[in-house]
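Participant: Just so we're aligned, residue 582 is where the sequence shown starts under the working numbering, counting upward by one. Heads up, the beta-carbon is just placed ideally off N, CA and C, and yes, glycines get one too. Computed from a predicted structure; not experimentally measured. Dropping a structure here in structure tokens format, bear with me for questions.
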Amino acid sequence: MNPAGNMIRGGRGTVLLVCLLVLLLLALLGTTVANSSLLHLQMAGNDENRLSALQQAMAVVDAVLETGAGMELSAPVGYRACTAQAASQPCDAGLVLPATLPRAAGRLDALVERLAPLAMRMPRLGEETASSTVFYRVASFEVRGVYDGGAEDLGRAAVTQGVLVRMEH
């Protein structure tokens, strides 16, 4: 009986059941939003690690090109110079990366390979930049920089760049 003297019959459990269902739906919605946010955060971290790995690999290539290491003009076709970490490939000479190269929490590898032919003509330039380049001979090299931070979940990247080195007559 209520204070007014009227009896309340049935329906009291229905409100409780509806409230519990609404609460359950809100909990499911909150869990879904939290999982979605966590997934987006992980994807952003993956993108950041991918770009960082690519920048590290590009820095290795730039460092090798800056020093000119491994690009001996007297080397035969197929000659390879590589860092000590790149032991999975046969190397003819060792290659040391400069100490000024920023070190990351991964492995940095470099490989320089002499490509065929032994000497070739320099590519022709457009008319607006024409010069006597057709009279020069060049040696071609392939420089490959690799960053491997997979053990620390920091990503992997490899950058390969072709280089033409002008030869003396």
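(1) Glycine 731 to leucine 598, Cα distance in whole Å?
(2) Is DSSP giving threonine 664 helix, strand or coil here?
(3) Nearest by alpha-carbon distance to threonine 767: which of Cys663, Arg661, Thr648, Pro671 is it?
(4) What number of angstroms, rounded off, separates the C-alpha of arginine 631 from the C-alpha of glutamate 653?
(5) Using alpha carbons as the reference points, say which of Arg737, Leu609, Pro683 lies closest to alanine 640.
(6) Any idea what DSSP makes of leucine 632, helix, strand or coil?
(7) Could you compute how far the alpha carbon of aspartate 628 sits from the alpha carbon of valine 603?
(8) Across which residues does DSSP place threonine 741 in a beta bridge pair?
(9) Please report the straight-line C-alpha distance between threonine 612 and leucine 620, rounded to a whole angstrom.
(10) Measure the beta-carbon distance from valine 693 to leucine 678 and round it to whole angstroms, keeping in mind my assumption that it falls under 8 angstroms.
(11) Would the beta-carbon of arginine 702 fall within 9 angstroms of that of tyrosine 717?
(12) What is the residue span of the beta strand (DSSP E) that valine 693 lies within?
(13) With 16 other CB atoms within 10 Å as the buried threshold, where does alanine 674 fall?
(14) Suppose you measure from the CA of glycine 743 to the CA of alanine 662; what does that come to, to the nearest Å?
(15) Just to confirm, are aspartate 690 and threonine 664 a CB contact at a threshold of 9 angstroms?
(16) Among Asn616, Gly626, Glu723, Tyr728, which residue has its Cα nearest to the Cα of alanine 634?
Facilitator: In terms of the structure at hand:
(1) What you label residue 731 is simply residue 150 of the sequence shown in a count that begins at 1. What you label residue 598 is simply residue 17 of the sequence shown in a count that begins at 1. Spanning the two alpha carbons is a distance of roughly 51 angstroms.
(2) Residue numbering aside, residue 664 sits at position 83 when the sequence shown is read from its first letter. Note: threonine 664 maps to coil in three-state DSSP.
(3) The shown model of the chain, from 582 to 750, leaves out residue 767, and the question about it has no answer.
(4) Residue numbering aside, residue 631 sits at position 50 when the sequence shown is read from its first letter. Residue numbering aside, residue 653 sits at position 72 when the sequence shown is read from its first letter. Roughly 33 angstroms separates the two Cα atoms.
(5) One-based indexing of the sequence shown puts residue 640 at position 59. Between alanine 640 and the set Arg737, Leu609, Pro683, the nearest pair of CA atoms involves Pro683.
(6) As a working note, residue 632 is residue 51 in the sequence shown. Helix, per DSSP.
(7) Within the sequence shown, the letter at position 47 stands for residue 628. Within the sequence shown, the letter at position 22 stands for residue 603. If I take the Cα positions, the gap works out to 38 angstroms.
(8) For the purposes of this step, residue 741 is identified with residue 160 of the sequence shown, where counting begins at 1. Paired residues: Arg725.
(9) Residue mapping note: residue 612 aligns to position 31 of the sequence shown, counting from 1. Residue mapping note: residue 620 aligns to position 39 of the sequence shown, counting from 1. Between the C-alpha atoms of threonine 612 and leucine 620 there is a straight-line separation of about 12 angstroms.
(10) Counted from its first residue, the sequence shown places residue 693 at position 112. Counted from its first residue, the sequence shown places residue 678 at position 97. Wrong, their Cβ atoms sit about 12 angstroms apart, outside the cutoff.
(11) By one-based count along the sequence shown, residue 702 stands at place 121. By one-based count along the sequence shown, residue 717 stands at place 136. For the 9 angstroms CB-CB criterion, arginine 702 and tyrosine 717 form a contact.
(12) Here residue 693 refers to the residue found at position 112 of the sequence shown. From DSSP, the beta strand (DSSP E) with valine 693 extends over 688–695.
(13) Your numbering for residue 674 matches position 93 in the sequence shown. Of the residues assessed, alanine 674 falls on the exposed side of the cut-off, its CB having fewer than 16 other CB atoms within 10 angstroms.
(14) Here residue 743 refers to the residue found at position 162 of the sequence shown. Here residue 662 refers to the residue found at position 81 of the sequence shown. Take the alpha-carbon of glycine 743 and the one of alanine 662: they are about 15 angstroms apart.
(15) Taking the first residue of the sequence shown as position 1, residue 690 is located at position 109. Taking the first residue of the sequence shown as position 1, residue 664 is located at position 83. A contact, by the Cβ cut-off of 9 angstroms.
(16) Stepping through the sequence shown from its first residue, residue 634 is reached at position 53. It is Tyr728.
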